[in-house]
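For reference, the structure is listed below as structure tokens.
Chains as they are written, first to last, in the working numbering: chain A, 1 to 267; chain B, 268 to 697.
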């Protein structure tokens, strides 16, 4: 569905059920260059189990009006405008979305019931080659993102949805964004420095999902994130690359289900 | 594995998870109709498209799934759906987005089955077609109507072998927000990946070069994932709620694979032209050697083009690799590895000479197929295109003396020796 935030059209899928804010809310945030479809094997599941779901497109991504936002902090404030009067939110985030979640959780801790962080560190420094490519040669940058982002299963075009190639699908999603979206995302990640201050301020239960074959988030960065959070639940999916929601959707969904069902049960 | 795998590697590995229990290296043949669910929640999740998985082999099957993902990988598509035949693929792809009152713009130079589908069958369902000369891009543009929802063609036209100008036709589609669907059977993704030039959907008869062995019928639809189904409002089957799956909006939920998902959710379920696991396995064996075979097909084709061009009993030879062919420049652009292994030529002496040639070839098989490992010959006017009328025959560039040759993988010296026998028998009609 589309709705207006700060005068701009924003898109979110509701997982196939009308959004009913009397139900516990689950919000999904995508990573750099991606869109809401990265969560399509999780969002629909929660929508059909009595949760009110919003899987968002950040500004400038697929169905949401641009321009793309330029900092993690502005994305956190934008998210606060999106959720408006909603509280008791279970926030689920992937990669760049995790930085937005950390910042949102530190600024608006009272709004959250739980937070699930999938493949993230406290910060996400981006190498100069990728930053340069995102600005000058988006197609090369997309190839780097999907090349490094997906693990062995992605590169072998395997996947849990029969007939679908997740690595090609990811490429097409990135091509469908506004031309400067990926560069804006990567610059925002690279510039974000507030993770160490933000993480300890989060009050809600936090879950961290780690991918064993993640080449985009060094394990050291994830360990640092875990160290700054208050007793997070940590789970590792050994065979997945960075794009866990697509590469290991069933394991990811099972972990989210266990965590969200227990922290924010739906009747 | 951090870099994209190349074509030959994908031909062997894409889509397959090595059997976790027994370690079988080959893709197992899952000869089963149905699948045991671990619990009711998993079952309902699969039926409701909340998770991937298999419920019933009419809709998905693990062996067929390997083939689908392999072809999607080779084509650079976001998803693929296999069907029982190439014609089933074409029908399912068209009817996924068109219905009563809609219109197709299609090339005149296509397989007779495609022409018959659009000329005779689809009108019964309220879908009409305007055909255009594939060598005339403006004719394509001028054929577009307010209700046109699809542009359709074959990259290498059958049997005239005119090459469709993919980029020019794709630009027309983009201008009018109409998807461009290409029957890529004759080129295979080894010779040309049509999505790289703006096509939005490809369909294949896998029976031909992709399988290569001539032992299994099958088709596939590949979703390029590069068409905006949402902006125009013309494709409600993709962008509006779909009642049988709790009102799912496929465009919103599946994005670049929305079109393929519609085919899976509707055509495979409600019509059911599914591929058998055994055929999927056989076709996978063929695809493992696709590049090797296509290179040999092309090498033999070039040798036979020289042989036929120099033969005194051959009145004309038609192939896009020949500088004399009107599509030669387009062939160089889109098909630099070779413009396919179909050759047409005229035998001096007309219909009777052509018939004598075919009947006296012993190695080359006289049958209605193309793309086999074995060399095939046929007389289109009396076989593959026999059920289309004279005007359409002429429009397709078919003459009575035409022999269509599908060049195989035999030693080319043996093919020439066989043809020499055919020409000797045809000589009395020259």
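Glycine included, C-beta positions come from ideal geometry on N, C-alpha and C.
Everything numeric in this text was worked out from a predicted model, so none of it was measured.
Notebook entry, point to check: Under a CB-based cut-off of 8 Å, is residue 280 (chain A) close to chain B?
Noted result: Residue numbering for chain A in the displayed model covers 1 to 267; residue 280 (chain A) lies beyond these limits and cannot be assessed.
Margin query: Cβ closer than 8 Å: which chain A residues qualify as neighbours of residue 714 (chain B)?
Written below: This structure leaves residue 714 (chain B) out entirely; chain B is present only between 268 and 697.
Next item on the list: State the Cα-Cα distance for the pair residue 411 (chain B) and residue 372 (chain B), rounded to the nearest angstrom.
Entry: Taking the second chain and counting its residues from 1, the one referred to as residue 411 (chain B) is at position 144. Taking the second chain and counting its residues from 1, the one referred to as residue 372 (chain B) is at position 105. Residue 411 (chain B) and residue 372 (chain B) have their C-alpha atoms some 7 Å from each other.
Item checked: Inter-stretch contact at 8 Å, needing at least 3 Cβ pairs: the region 538-555 of chain B / the region 621-628 of chain B -> Touching, no, given that fewer than three Cβ pairs across the two stretches are closer than 8 Å.
Note to self: Below 8 Å on C-beta distance, what does residue 157 (chain A) contact in chain B?
What the structure shows: Here residue 157 (chain A) refers to the residue found at position 157 when the first chain is read from its first residue. In chain order: 277, 281, 282, 336, 337, 339 and 340.
Check: How many Å lie between residue 688 (chain B) and residue 360 (chain B) at the Cα?
Finding: Within the second chain, numbered from 1, the residue matching residue 688 (chain B) stands at position 421. Within the second chain, numbered from 1, the residue matching residue 360 (chain B) stands at position 93. Using only the alpha carbons, I get a separation of about 44 Å.
Check: Leaving out five residues before and five after residue 11 (chain A) in sequence, what residues of the same chain have Cβ atoms less than 6 Å from its Cβ?
Finding: For the purposes of this step, residue 11 (chain A) is taken as the residue at position 11 of the first chain. The residues are 2, 57, 63 and 64.
Next item on the list: Determine the chain A residues that contact residue 523 (chain B) at a beta-carbon separation under 7 Å, and present them in chain order.
Entry: For the purposes of this step, residue 523 (chain B) is taken as the residue at position 256 of the second chain. Per Cβ cutoff of 7 Å: 169, 172 and 173.
Margin query: Please report whether the beta-carbon of residue 48 (chain A) lies at a distance below 8 Å from any beta-carbon of chain B.
Written below: One-based indexing of the first chain puts residue 48 (chain A) at position 48. Taking 8 Å as the threshold, the shortest C-beta distance from residue 48 (chain A) to chain B falls below it.
Item checked: Chain-ordered residues of the region 493-517 of chain B with a beta carbon less than 9 Å from chain A -> When CB distances to chain A are screened at a threshold of 9 Å, the residues of the region 493-517 of chain B falling below it are 493, 495, 497, 508, 512, 513, 514, 515 and 516, in chain order.
Note to self: Nearest by alpha-carbon distance to residue 676 (chain B): which of B:668, B:641 and B:547 is it?
What the structure shows: As a first step, residue 676 (chain B) must be located in the second chain, where it is residue number 409. Of the candidates B:668, B:641 and B:547, the one whose C-alpha sits nearest the C-alpha of residue 676 (chain B) is B:641.
Checklist line | For residue 8 (chain A), the first and last residue of its enclosing beta strand (DSSP E) | finding: By 1-based counting over the first chain, the position of residue 8 (chain A) is 8. Per DSSP, residue 8 (chain A) belongs to the beta strand (DSSP E) from 8-13.
Notebook entry, point to check: Just reading off the alpha helix (DSSP H) that residue 529 (chain B) is part of, what are its end residues?
Noted result: Here residue 529 (chain B) is taken as the residue at index 262 of the second chain, counted from 1. Per DSSP, the unbroken alpha helix (DSSP H) holding residue 529 (chain B) starts and ends at 525-529.
Check: What residues from chain A crowd round residue 327 (chain B), counting only those whose CB sits closer than 8 Å?
Finding: Position 60 of the second chain, counted from the start, is the residue given in the question as residue 327 (chain B). Correct list: 162 and 163.
Notebook entry, point to check: Cα-Cα, which of A:59, A:13 and A:26 is closest to residue 5 (chain A)?
Noted result: Residue 5 (chain A) sits at position 5 when you count from the first residue of the first chain. When each option's Cα is compared against that of residue 5 (chain A), the closest is A:59.
Next item on the list: For residue 87 (chain A), collect the residues of the same chain with a Cβ closer than 6 Å to its Cβ; drop the 5 residues on either side in sequence, then sort them by chain order.
Entry: As a working mapping, residue 87 (chain A) is identified with position 87 in the first chain. Setting aside the 5 residues that flank it on each side, residue 87 (chain A) is surrounded in the same chain by 111, each with a C-beta closer than 6 Å to its C-beta; the list follows chain order.
Margin query: Can you find the residues in the same chain that come closer than 8 Å, C-beta to C-beta, to residue 335 (chain B), ignoring five residues on each side of it along the sequence?
Written below: The residue given as residue 335 (chain B) occupies position 68 in the second chain. Around residue 335 (chain B): 282, 346, 347, 348, 349 and 487.
Next item on the list: Take the Cβ of residue 604 (chain B) as the centre, count every other Cβ of all protein chains shown within 10 Å, and call the residue buried at 16 or more, exposed below.
Entry: By 1-based counting over the second chain, the position of residue 604 (chain B) is 337. That one is exposed.
Note to self: Measuring alpha carbon to alpha carbon, tell me which residue in A:170, A:212 and A:25 is nearest residue 84 (chain A).
What the structure shows: Within the first chain, numbered from 1, the residue matching residue 84 (chain A) stands at position 84. Restricting attention to A:170, A:212 and A:25, the CA atom closest to the CA of residue 84 (chain A) is found in A:25.
Check: Secondary structure at residue 486 (chain B), three-state DSSP: helix, strand or coil?
Finding: Here residue 486 (chain B) refers to the residue found at position 219 of the second chain. For residue 486 (chain B), the three-state secondary structure derived from DSSP is strand.
Notebook entry, point to check: Closer than 8 Å, CB to CB, is residue 270 (chain B) near chain A or not?
Noted result: Numbered from its first residue, the second chain carries residue 270 (chain B) at position 3. At least one chain A Cβ lies under 8 Å of residue 270 (chain B).
Item checked: Of the residues B:627, B:297, B:353 and B:533, the one placed nearest residue 384 (chain B), counting alpha carbons only -> The sequence position of residue 384 (chain B) within the second chain is 117, counting from 1. Checked all of B:627, B:297, B:353 and B:533; the closest Cα to residue 384 (chain B) is B:353.
Notebook entry, point to check: If you drop the 5 nearest sequence neighbours on each side, which residues of the same chain put their C-beta closer than 6 Å to that of residue 277 (chain B)?
Noted result: The residue given as residue 277 (chain B) occupies position 10 in the second chain. Closer than 6 Å at Cβ, skipping near neighbours: 340 and 341.
Next item on the list: Determine which residues of the region 341-373 of chain B have a Cβ less than 8 Å from any Cβ of chain A, and write them out in chain order.
Entry: So the close ones are 343, 344, 345, 346, 347, 348 and 349.
Margin query: Taking the alpha-carbon of residue 522 (chain B) as reference, which of B:533, B:512, B:548 and B:492 has the nearest alpha-carbon?
Written below: The residue labelled residue 522 (chain B) in the question sits at position 255 within the second chain. The option with the nearest alpha carbon to residue 522 (chain B) is B:492.
Note to self: Against chain A, which members of the region 525-546 of chain B pass a CB distance test of less than 8 Å?
What the structure shows: So the close ones are 527 and 531.
Item checked: 6 Å CB neighbourhood of residue 252 (chain A) in its chain, flanking five on each side removed -> Counted from its first residue, the first chain places residue 252 (chain A) at position 252. The residues are 244 and 245.
Next item on the list: Count the C-beta pairs between the region 69-84 of chain A and the region 184-195 of chain A that are closer than 8 Å, then say yes if the count reaches three, no if not.
Entry: When C-beta atoms of the region 69-84 of chain A are compared with those of the region 184-195 of chain A, three or more pairs fall below 8 Å, so the two segments count as touching.
Note to self: Counting C-beta neighbours from all protein chains within 10 Å, is the total for residue 109 (chain A) 16 or more, i.e. buried, or is it exposed?
What the structure shows: The residue you call residue 109 (chain A) lines up with position 109 of the first chain. The C-beta of residue 109 (chain A) has fewer than 16 other C-beta atoms within 10 Å across all chains shown, which makes the residue exposed.
Notebook entry, point to check: Which full runs of the alpha helix (DSSP H) of 4+ residues lie inside the region 609-645 of chain B, going along the chain?
Noted result: Runs of alpha helix (DSSP H) with 4 or more residues, each lying fully within the region 609-645 of chain B, are found at 617-626, listed in chain order.
Next item on the list: Quick one: using the 10 Å Cβ neighbour count with 16 as the cut-off for buried, is residue 42 (chain A) buried or exposed?
Entry: Walking along the first chain from the start, residue 42 (chain A) turns up at place 42. Residue 42 (chain A) comes out buried.
Item checked: N-terminal and C-terminal residue of the beta strand (DSSP E) that residue 359 (chain B) is part of -> Reading the second chain from its first residue, position 92 is the one you call residue 359 (chain B). In this chain, residue 359 (chain B) is not harboured by any beta strand (DSSP E); it is covered by the alpha helix (DSSP H) spanning 353-362.
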